[in-house]
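Structure first, then comments.
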Amino acid sequence: MPGPRRPNRGPSAAAENRAALITAARQVFAAEGYGAPLSSVARVAGVGQGSLYRHFPDRVALAMAVFEEQVAALEALAAEPGSTIDDLLAVMTENAVASTAFIELVSRASTEPDPRILGLRERVVGLLQGVLDDPRRAPRIRPGVSADDLVLIFGMIAGALAHIPASQRHATVRRAWSLLREGVEL
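Anchor point for the sequence shown: position 43 equals 43 in full-length UniProt numbering, and the numbering is continuous, going up by one each time.
Written out as structure tokens, the structure is:
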């Protein structure tokens, strides 16, 4: 649903417009995926496309702003001494159900070597690997399974979720994990 068009308040509205664009992008990417038209983001935010491109020169910059907080939350969870790989996978799975755009963006790093995407992907891989390296935090994961393997799995899950209605995503992701767990667990 488009936001109301705001009057142009010039530079004083920059922070508000940026926040509105990030919120709108989160909604639009969740509903339509990473490839959603950026004009939809501007419309939902209630700003013009010029404002969108002043803050975010391209799709990756906008997506990075949206997903930065999800990665920061994952990093905080991974830093907690009692957290497990299951805790991280649960949060990542819920994020994938809510919006496949995040996983799609991280998964693209292997085919689109944009340094911004690679940096985000490396942060996710690093936090997953840090937990995998401690057998007490990943007791059910088969030795030899890497963080890159888990990111690949999430890419496959996101690919499946991107093509089904949101109402069916939870059931699909439960089924996908059930099928995939045999490959990553003892």
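Every residue gets a Cβ at the ideal spot worked out from N, C-alpha and C, and that includes glycine.
- Bounds of the alpha helix (DSSP H) holding residue 63 are 59-79.
- Inside the segment 103-171, DSSP marks whole alpha helix (DSSP H) runs of 4 or more residues at positions 115-132, 147-161, from first to last along the chain.
- Residue environment analysis places residue 169 among the buried positions, since at least 16 neighbouring C-beta atoms fall within 10 angstroms of its C-beta.
- By the criterion of a C-beta distance shorter than 6 Å, residue 45 is surrounded in its chain by 3, 20, 21, 24, once the five residues flanking it on both sides are discounted.
- Setting aside the 5 residues that flank it on each side, residue 62 is surrounded in the same chain by 25, 56, each with a C-beta closer than 6 Å to its C-beta; the list follows chain order.
- Secondary structure at residue 23: helix, using DSSP grouped into helix, strand and coil.
- Within the same chain, 173 come within 6 Å of residue 93 by CB-CB distance, once the 5 residues on both sides are set aside.
- In the three-state reduction of the DSSP assignment, residue 53 falls in the helix class, which pools H, G and I.
- Residues of the same chain with a CB within less than 6 Å of the CB of residue 150, apart from the 5 flanking positions on each side, are 128 in chain order.
- Annotation: the continuous alpha helix (DSSP H) that includes residue 93 extends over 85-98.
- Out of 147, 54, 124, the CA that lies nearest to the CA of residue 14 is found in 54.
- Residue 123 is positioned such that its CB atom lies closer than 8 Å to that of residue 75.
- According to the DSSP assignment, residue 41 belongs to the alpha helix (DSSP H) that extends over 38-45.
- Exclusion of the five residues before and after residue 91 leaves 73, 74, 77 as the residues of its chain whose Cβ lies within less than 8 Å of its Cβ.
- Residue 88 counts as buried, since at least 16 other C-beta atoms from the protein chains shown sit within 10 angstroms of its C-beta.
- Residue burial annotation: residue 171 is exposed, with fewer than 16 other C-beta atoms found within 10 angstroms of its C-beta.
- In this structure, residue 179 keeps its C-beta atom at 8 Å or more from the C-beta atom of residue 153.
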